[in-house]
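Structure first, commentary second.
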Amino acid sequence: MLLLKLTLVPAFLYLLAQVARYYGPQRAGWMAGLPVVAGPILWLLLQEHGADFATHAAMQAIAAIAASELFNLVYARCAARSGWPLTLTAALGGWLLAAMLLQALTLSLPSVLAVAGLAVLINSRCLPRPAAKDVRAAANETLWLRMLAAAVLTLLASLAASRLGARWSGVVAVFPLLAVVMAVSTQRMQGAAAVQVLLRGMLLGRLGFAGFCLTLVLLLPRLEGNLAFLLAALISIGLQLQSRRLLPA
0 MLLLKLTLVP AFLYLLAQVA RYYGPQRAGW MAGLPVVAGP ILWLLLQEHG
50 ADFATHAAMQ AIAAIAASEL FNLVYARCAA RSGWPLTLTA ALGGWLLAAM
100 LLQALTLSLP SVLAVAGLAV LINSRCLPRP AAKDVRAAAN ETLWLRMLAA
150 AVLTLLASLA ASRLGARWSG VVAVFPLLAV VMAVSTQRMQ GAAAVQVLLR
200 GMLLGRLGFA GFCLTLVLLL PRLEGNLAFL LAALISIGLQ LQSRRLLPA
């Protein structure tokens with residue numbers, strides 16, 4: 000499973016880099032919503048701690064969408080004024096504060112859905128909308144370094160999730176790993192406008208991710224674990240394909 004995670008995430012990042020190069024950063028951001036990182040982590044939690052633990056982690060992962068959206072909002076706003084080191088530091092600080100707030104709250108399933116939905120709605124209004132002419136062409140010059148960073152972050156997130164309680168495990172499973180790697184590389188090579196387009200694309204990707212986690216919450220207590228994950232993956236892909244119609248041509 001560890002080998003799978005260390006190869007799957009960098010391979011997915013390579014695919015996203017090609018999508019960004021040929022179809023633009025918004026399409027890449029949309030594809031990044033697929034649960035390629037959180038899915039294997041939640042499955043590993045199921046194997047190590049059982050269905051009840053994984054169910055609670057999946058529910059917390061839905062709420063943690065709000066923390067990821069705060070990361071995106073802070074990054075998009077700061078990128079227009081600062082370089083990537085300061086921007087990344089501020090965005091990670093925002094994510095951590097939101098994650099700690101979520102840990103202090105006891106939320107029901109309707110509540111976590113409302114929190115996630117509200118965060119997406121806020122960012123649909125507050126994320127900058129740069130003009131297409133401001134987005135520079137993509138390049139793959141440091142792709143190998145980005146893939147290595149994704150593998151290291153995946154390993155750290157997996158180790159942290161397996162050693163924490165269900166609430167923190169769910170939040171760590173939704174740590175904005177791909178957003179960190181993609182946002183930094185996009186800002187360095189294409190500028191702030193491209194980052195803002197990328198992060199706005201991630202808004203639509205939240206639908207498939209939320210559908211994946213919600214399916215796990217509903218089915219893990221009732222079905223065999225692997226079957227529940229298979230159905231969750233199929234639903235996630237279906238929702239992602241439906242949301243594609245909302246992307247600009």
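Each residue of the sequence shown is one higher than the one before, counting from 0 in the numbering used here. For glycine and all other residues, C-beta sits at the position ideal for the given N, C-alpha and C. Fair warning: this is a prediction, and the values are worked out from it, not measured in the lab.
Excluding the five sequence neighbours on either side, which residues of its own chain have a C-beta within less than 6 Å of the C-beta of residue i, listed in chain order?
i, result
"S242", "L203 and L206"
"L240", "none"
"L177", "A31"
"V111", "M58, I61 and A62"
"C212", "A57, A60 and I61"
Indicate whether residue i and residue j have their beta-carbon atoms separated by less than 8 Å.
i, j, result
"V119", "E68", "yes"
"G210", "R26", "no"
"A75", "L126", "yes"
"P220", "T6", "no"
"A115", "W94", "no"
"I40", "A172", "yes"
"A78", "T88", "no"
"W83", "V183", "yes"
"P9", "T185", "no"
"F70", "V35", "no"
"L197", "G28", "yes"
"L15", "M181", "yes"
From which residue to which residue does the alpha helix (DSSP H) around residue i run?
i, result
"L43", "A37 to H48"
"F211", "A191 to L218"
"L33", "First-last for L33: undefined, no H or E at that position."
"G82", "Segment: none, G82 is in no alpha helix (DSSP H) and carries neither H nor E."
"S242", "G224 to S242"
"G116", "L108 to C125"
Who are the Cβ neighbours of residue i in its own chain at under 8 Å, not counting the five residues just before and after it?
i, result
"T214", "A227, L230, A231, I234 and S235"
"V216", "T54, A57, M58, I61 and L108"
"L147", "P9"
"A248", "Residue placement at A248 cannot be trusted, given a pLDDT of 46 that sits under 50; the coordinates are not used to answer."
Going along the chain, which residues of its own chain have a beta-carbon closer than 7 Å to the beta-carbon of residue i, five neighbours each way excluded?
i, result
"A50", "L219, P220 and G224"
"R187", "W83"
"V18", "R26, A27 and M30"
Pairing CB atoms from the region 56 to 63 with CB atoms from the region 97 to 114, are three or more of them under 8 Å? yes
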